[in-house]
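**Q** Taking mature numbering (1 follows the signal peptide of the UniProt record, and there is no 0), I'd label the letters of the sequence shown as residues -21 to -1, 1 to 932. For every residue, glycine included, the Cβ atom is placed at its ideal position computed from N, Cα and C. It should be emphasised that the depicted structure is a prediction, and the values quoted were computed from it without experimental measurement.
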Amino acid sequence: MVFVCLLFFLFLNGTVTSVLARSQEDDSVVNDWIEAYKQDRNVALLDLINFFIQCSGCQGMVTAEMIQSLHKKDVMRKMTETFDEDNEDYPLIRTGPYWKKFKANFCEFIAVLVQQCQCNILYDSYLMNAIISLLTDLADSMVRAFRHTSTLAAMKLLTAIVSVHLNLDVNKHNAQRLYEVEKKRISGKRTNYRLDQLDRKRKEYEHKLLEIQNMMNAIFKGTFLNRYCDVIPEIRATCIEEFGSWIKTYPDAFLNDNYLKYIGWMLYDKQAEVRLKCLLGLQGIYSRRELVSRMDLFTSRFKDRIVSMPLDKDHEVAVQAMKLLMLMNCEDVLSTEDCETLYQFVYTTHRPLAVAAGEFLYKRLLSREGDEEVQPKGGGKFGASTDQLKRLIHFFLESELHKHVAYLIDSLWDWAGKFLKDWECMTTLLLKNAEEDGEALSDAHESALIEIILATVREAAEGHPPVGRGAAKKILSVKEKKIQLEDCTKITEHFITVLPQLLAKYSTDAQKVANLLQIPQYYDLDVYSTGRLEKHLDALLRELKDIVAKHSDMSVLEASSRTYYILCSEEIAIYSQVDRARTQLIDELMGQLNQLLDAFISCLVYHYCFFFNCSAHDLTKWNLYEKTLRLLVFEIEHGSLPVLVSYCDLWCLMETQGGTGMKSNMVSKSFFGFVCLIQTFVILCDWLLILTHQDSNNSKEAVGLLDYPPSTSLQEKLLLFIQEHVFMEEEGESKEEERKDESCKLDVLHRKRSLLAAYCKLIVYNVIEMTAAAEIYKYYVKTYNYFGDIIKETLSKTRHNNKIQSAKTLILCLQQLFQTCAERQDSSSSVDLSSASFTNMKELARRFSLTFGWDQVKSRESVAMIHKEGIEFAFQGATGVDGRCLPPNLSFLLIIIEFSNKLLKPDKRLVAAYFGSGSLQFSLLFTDNCKNFCKIYNRYFHFPESIFEDMGM
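1. If you run the structure through DSSP and keep just helix, strand and coil, what is C257?
2. Quick check on H530: does DSSP put it in helix, strand or coil?
3. Ignoring anything shorter than 4 residues, give me the alpha helix (DSSP H) runs that lie fully in the segment 778 to 816, in order along the chain.
4. Would DSSP call E709 helix, strand or coil?
5. How do the segment 155 to 163 and the segment 228 to 235 stand: do at least 3 beta-carbon pairs fall below 8 Å, yes or no?
6. Would P689 be called buried (16 or more neighbouring beta carbons within 10 Å of its own) or exposed?
7. Does the beta-carbon of Q47 have 16 or more other beta-carbons within 10 angstroms, so that it is buried, or is it exposed?
8. Excluding the 5 residues preceding and the 5 following F281 in the sequence, name in chain order all residues of the same chain whose CB lies nearer than 7 Å to its CB.
9. Is the beta carbon of V143 sitting closer than 8 Å to the one on Q97?
10. So, does the segment 430 to 446 touch the segment 389 to 400, judging by three or more C-beta pairs under 8 Å?
11. Taking the beta carbon of H530 as the centre, do at least 16 other beta carbons fall within 10 Å, making it buried, or is it exposed?
12. Classify P331 as helix, strand or coil using the three-state DSSP reduction.
13. In angstroms, rounded to a whole number, what distance separates the CA positions of I89 and L24?
14. N99 by DSSP, collapsed to three states: which one?
15. CB-CB under 8 Å to Y893, same chain, minus the five flanking residues each way: which ones, in chain order?
16. My output table needs one value for V842: the three-state DSSP class, helix, strand or coil.
17. In chain order, which alpha helix (DSSP H) runs of at least 4 residues are fully inside the segment 413 to 480?
18. Can you give the beta carbon distance from L376 to A423, rounded, assuming they're within the 8 Å contact cut?
19. Using only alpha-carbon positions, find the residue among E567, R888, L270, I770 that is nearest to residue 942.
20. Tell me the rounded alpha-carbon separation between F324 and L340.
21. Applying the criterion that 16 or more other CB atoms from any shown protein chain within 10 Å of the CB defines a buried residue, is E44 buried or exposed?
22. Just checking my contact of T128 with S35 at CB under 8 Å: how many whole Å lie between their CB atoms?
23. Who are the near neighbours of I657 in its chain, counting only those whose CB is closer than 7 Å to its CB and skipping five residues on each side?
24. Using the C-alpha atoms, what's the distance from E549 back to H515?
25. At which residues does the alpha helix (DSSP H) containing M305 begin and terminate?
26. Out of curiosity, what's the CA-to-CA distance linking A216 and F125?
27. Return the chain-ordered list of same chain residues with a C-beta closer than 6 Å to the C-beta of C467, the five sequence neighbours on each side being excluded.
28. On the criterion of 16 or more Cβ atoms from any shown chain inside 10 Å, does W402 qualify as buried, or is it exposed?
29. Which residues in the same chain as L903 place their Cβ atom closer than 6 Å to its Cβ, once the five residues preceding and following it in sequence are excluded?
30. Once you ignore the five residues that flank I28 on each side, which residues in its own chain have a CB closer than 7 Å to its CB?
31. From T830 to S775, what does the alpha carbon distance come to, in whole angstroms?
32. Output yes or no for whether 8 Å exceeds the beta carbon distance between A753 and Q694.
33. DSSP state of R267, grouped into three classes?
34. So, for E710: in the same chain, excluding its five sequence neighbours on each side, which residues have a beta-carbon less than 6 Å away from its beta-carbon?
35. Check whether the Cβ atoms of K821 and I874 sit closer than 8 Å, and answer yes or no.
36. Following the continuous alpha helix (DSSP H) through C34, name the residue where it begins and the one where it ends.
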């Protein structure tokens, strides 16, 4: 049967590798079916009906008897009954290359069928009526497979019919033109065979066009209008995708507001796939300038929606929306406000969207017609590039997102790479004097241009997006590597000569110098020796030395140090020359440092340290706190004092001056005091870490001098300090404190995190006892947003060190909280299970349980220990005068229940046995309330019923 041939073509055609061979096989199958249709159209049509039904995944078959005896609705109902409704899988939604090929061949078959039938049976008023009626009925089915498959078939059928309509329209116009020519040529004669023939041909085309138009209307109204808003997103996407192709193929029929409204409405669809198909369809329309003029009403109606779509949560939708707006902008339909909104997407972290926005920014704002013909004043050669640079600088400053210049350059790189690599133009613009050009750059513009230069140099040399934009460094192709090497050579050859001049000009500006000094790290340093450019290296080293002497700014000194490090690579020829300059600079700095140390440190700090540290003199009456604090504030601002000695002394000094309370009051008087206290604590923790972990290979003298395990008293003070300055909320905050600047709050939070991290490091490395972590774990849930990551990491590290001890620390934390909760309530009654404190304990236990992860085998010892310790704690103190006293801690069982899902089944039996042995000792004392607790505990462990029978429950 031809039906078998159709299925064979669809399912096995994937083996055909040649497009030509596939087309020939397709034509052969369709031609065979057409011949069968001509011989017996009922049988052939029955094969085609079964073909569509079985392509839907239905195992049923429509027979000739069913067609003759049943109404078509009854036939569809019978096919629905034979469909396996429990199986939601069907060919069109199956994954894999085989089923993708099936879908492609299915769509191709429909197109070839219409193409082969257009010369004969397409217009017999039987075939297409039957097919359209079948697909319309299937598209109205409640079965998703029927609805999806028939909708796809109907949409592809209409696409093929539209192509036939276009061909007929062309043939009709040709016939009409020939008819008019022939009519004028024989205007004197009444009849002519040629004229009659052309007239018949013209009318035949008109009749076929009318038939085709009726088919198009039937499919559009019968299937599209019902299915473009289907509940299944794949069906909606199919309708919109084909609708876009109809508009592009046959705009005379479909490009009007009566049809465009459907694609506009679907821009608001909840599914990203549907919105994406809408945007792709609109791109095809707006890309043809002759069609844009007919989109005025649509544009005015849906422009705001399209402008908002770059904010879409789906990245691909956002990218395609930006590309569509790029096409719409060609007709100047976007306002200035719209454009300013779209410009800001160059700073987004999603690179494809940023690149699309970069194209929009470049073509709309930076690149203007006639730029290449611009002649600069003074006969220079950078007219077009200079204007573009100035517009870019102006945009950068106006956007007020100065820290994102790397993102801006990366967004423009694919479209404006030519002028962004014009470093000669950029540096010439910087080195211009106001006398030479009345339009010289302002200070802000110069700073912005230097940042742009650095960003372009980095982009060209590294060849990958900046940090935060893109998952990882991309692998460069051979062509990209070649371009990267060429750019590095170009950067080196240009800035080797120009950079010393720029440093000399801006030597007093810390920000500009810090940025300029980052450029040499992208040099190809071999160019210095191969190009005989050592004199320019000398100039650079002189400027570096001068900058180090002038500046105390950390960013400048760091950039200078980094530059020396890069230039002092031992593998390159210029090493000796740079090393000599570096050595000379360090010698001079050390000479100055030695003079300061001799004159200041020896006379003050060491005397002070001797009297206080060695002999433990009480220096309170000299009020050294204020003076030492001033020194430390100066150190924070300028970095000029030996930090370790001063901070450790300050800690000891504050301990001597009256204890923790006095210390807190004194330090809290100034923000700088708080900063000093934090750094003192951090350094003390670091010293304890160093002194407690000494290398055994050290000399005996060194070990004896440095071996200093912290005493119990010191450990208590460290913990008290953390509780006061990290977790304890300040009481009685004034309204002025509540309105504190957000940046200041973040700074304080950062410093608190530093304190907690320093203390937790002591716990992790066993400098102080692990049980001290129990006091920290109490705040895990309460301060999760601020310190949760630090506490969680501490818990993980301590568990790695000692699983059992870590588990005991967790249960100790819960026990202490439980006891605190019980002490706050009436001692004569048990803990209130509905109280907020008890709920918080359960939540904390649940969070602790989550830290064990999914690997129950790995954590079985820890979890078992938690249950053992918890059960023992729950049955503590079960005594009473009348023999009916509830154990005061029994409700603690409801806390450790949170760990039950981490127990393996064998461990549950062991816990059950342990629970039974502990509970039986007090079974006679149990009240009804007590038994309820035990039964609740049983729900989570499924203990044997014998345990509770022995307890009398």
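**A** Based on what the coordinates show:
1. helix
2. coil
3. 782 to 803
4. Unreliable positioning characterises E709 in this predicted model, as indicated by a pLDDT of 46, which lies under 50. The coordinate reading is nonetheless provided below. It is coil, neither helix nor strand.
5. no
6. buried
7. Around the beta carbon of Q47, a 10 Å sphere encloses fewer than 16 other beta carbons of the protein chains shown; the residue is thus reported as exposed.
8. G243, L246
9. yes
10. yes
11. It is buried - the Cβ of H530 has at least 16 other Cβ atoms within 10 Å.
12. helix
13. 14 Å
14. Of the three classes helix, strand and coil, the one that applies to N99 here is coil, per DSSP.
15. If you ignore the 5 residues before and after Y893, its C-beta comes within less than 8 Å of the C-beta of H846, K847, I850, all in its own chain and listed in chain order.
16. helix
17. 422 to 441
18. Correct: roughly 6 Å between the Cβ atoms.
19. This structure leaves residue 942 out entirely; the chain is present only between -21 and 932.
20. 9 Å
21. exposed
22. 4 Å
23. R730, S733, L734
24. Their backbone Cα atoms lie some 19 Å apart in a straight line.
25. 294 to 308 is the span of the alpha helix (DSSP H), which, as asked, contains M305.
26. 16 Å
27. A440, D503
28. buried
29. Confidence at L903 is low in this model, with a pLDDT of 41, below 50, so its placement is unreliable and the value that follows should be read with caution. Closer than 6 Å at the Cβ level, and outside the excluded window around L903, lies no residue.
30. V41, L113
31. 8 Å
32. no
33. coil
34. Only weak support exists for where E710 lies, its pLDDT of 42 falling under 50; the coordinates are left without a value.
35. Yes. Within cutoff.
36. 20 to 34
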